[in-house]
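Residue numbers (my numbering): 93 to 358.
The following block contains the structure:
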């Protein structure tokens with residue numbers, strides 16, 4: 093048990109001081125992994141039916157992604173405290189709202205699903221005119237390698253793809269976001285796509301599992317080489333998916349219990 097806390101304002105920033113001295117005891121349920129949830133919400137844009145995503149944390153980033161999905165024309169509603177329902181329309185949009193992209197960079201993860209579903213994307217890119225320094229530079233290079241046409245002007249990224257074709261892509265570094273976006277774009281590309289130097293995070297394994305439930309053919313996540321065999325269509329099944337627990341949150345509680353010589357069940 094923590095003895096007491098003090099909150100001190102320093103230059104309008106809140107600083108929390110914790111005065112401990114006692115072991116932490118008790119049990120805690122770990123919420124769903126934020127880094128998986130946001131990407132699965134974007135991936136749900138490819139579901140032809142309804143997607144039910146469980147163990148979703150009620151956090152600001154999730155609420156922003158809900159706004160992005162709704163702005164694109166899909167429906168996203170809470171079914172209960174931790175279960176989210178996403179249902180697509182036949183007339184899905186292709187432009188992510190500028191203000192939401194500025195607010196949360198993870199909103200760029202809709203690019204891959206939109207390229208596959210709609211065949212085009214419009215996205216505001218802060219600092220997008222600085223070639224090589226864009227946060228999504230590797231994503232764009234991957235899309236171009238698959239055959240997408242890229243236009244950049246006035247801080248916006250425009251992507252168009254009448255037909256994507258599988259290819260071999262070697263990432264300059266193992267970017268999680270680029271790996272995930274390229275996977276999504278390659279799902280229905282003609283032929284086979286190989287991503288080398290791919291990120292290995294467990295959240296990417298989650299996306300493989302989710303997409304394969306839709307009828308995609310992805311293997312190799314968790315290693316540095318991912319293979320995607322393009323399919324001609326995805327199934328019409330309703331998807332019910334439970335998100336893995338957040339490993340960072342779990343580790344935080346485990347460490348806190350250990351360093352206080354406590355008894356914490358995670």
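Think of the CB as a built atom: it goes at the ideal place given N, C-alpha and C, for glycine as much as any other residue.
(request) May I have the straight-line CA-CA distance separating residue 179 from residue 328, to the nearest angstrom? (result) Counted from its first residue, the chain shown places residue 179 at position 87. Counted from its first residue, the chain shown places residue 328 at position 236. Taken atom to atom, the span from the alpha-carbon of residue 179 to that of residue 328 is near 12 Å.
(message) Please tell me whether residue 253 and residue 272 are closer than 8 Å, where the distance is taken between their beta carbons.
(response) In the chain shown, residue 253 corresponds to position 161, counting from 1. In the chain shown, residue 272 corresponds to position 180, counting from 1. With respect to the 8 Å criterion, residue 253 and residue 272 are not classified as neighbours on the basis of their beta carbons.
(message) Which of the three DSSP states is assigned to residue 350 in this structure?
(response) If you number the chain shown from 1, residue 350 lands on position 258. In the structure shown, residue 350 sits in a helix (DSSP, three-state: H, G or I).
(message) Using C-beta distances below 7 Å, list every residue in its chain close to residue 357, excluding the 5 sequence neighbours before and after it, in chain order.
(response) Within the chain shown, numbered from 1, the residue matching residue 357 stands at position 265. Within the same chain, residue 357 has close Cβ partners 119.
(request) Buried or exposed for residue 134, please, with buried defined as at least 16 other CB atoms from any protein chain shown within 10 angstroms of its CB. (result) Here residue 134 refers to the residue found at position 42 of the chain shown. Flag for residue 134 reads buried.
(message) Suppose contacts are defined by Cβ-Cβ distances below 8 Å. Is residue 279 in contact with residue 237 by that definition?
(response) Locating residue 279 in the chain shown gives position 187, counting from the first residue. Locating residue 237 in the chain shown gives position 145, counting from the first residue. Note that the C-beta distance between residue 279 and residue 237 is not below 8 Å.
(message) For a test of the three-state rule: what should DSSP assign to residue 244, helix, strand or coil?
(response) To locate residue 244, count along the chain shown from 1; it is residue 152. Reduced to three states, the DSSP call for residue 244 is strand.
(message) When you compare the stretch 285-299 with the stretch 312-324, are there three or more beta-carbon pairs, one atom per stretch, that lie closer than 8 Å?
(response) Enough Cβ pairs lie closer than 8 Å, so yes.
(request) Determine the closest residue to residue 239 out of 131, 212 and 245, with distance taken between C-alpha atoms. (result) As a working note, residue 239 is residue 147 in the chain shown. Measuring from the Cα of residue 239, the nearest candidate turns out to be 212.
(request) Report buried or exposed for residue 283, applying the criterion of at least 16 other Cβ atoms within 10 angstroms of its Cβ. (result) Here residue 283 corresponds to residue number 191 of the chain shown, with the count starting at 1. Exposed, since its Cβ has fewer than 16 Cβ neighbours within 10 Å.
(request) Decide if residue 107 is buried, meaning its Cβ has at least 16 other Cβ atoms within 10 Å, or exposed. (result) Translated into the one-based positions of the chain shown, residue 107 becomes position 15. By the neighbour-count rule (16 or more Cβ atoms within 10 Å), residue 107 is not buried but exposed.
(request) Counting only the same chain and skipping the five closest in sequence on each side, list residues whose C-beta sits under 6 Å from that of residue 330. (result) The residue labelled residue 330 in the question sits at position 238 within the chain shown. Residues 141 and 142 of the same chain have their beta carbon placed closer than 6 Å to that of residue 330, with the five preceding and five following residues left out of the count.
(request) Tell me, please, which residues DSSP counts as bridged to residue 262. (result) The count along the chain shown starts at 1 and reaches residue 262 at position 170. DSSP, once it has assigned bridges, lists 288 as partnering residue 262.
(message) Whole angstroms are fine: how far does the CA of residue 199 sit from the CA of residue 321?
(response) Numbered from its first residue, the chain shown carries residue 321 at position 229. Numbered from its first residue, the chain shown carries residue 199 at position 107. Approximately 26 Å, taken between the alpha carbons.
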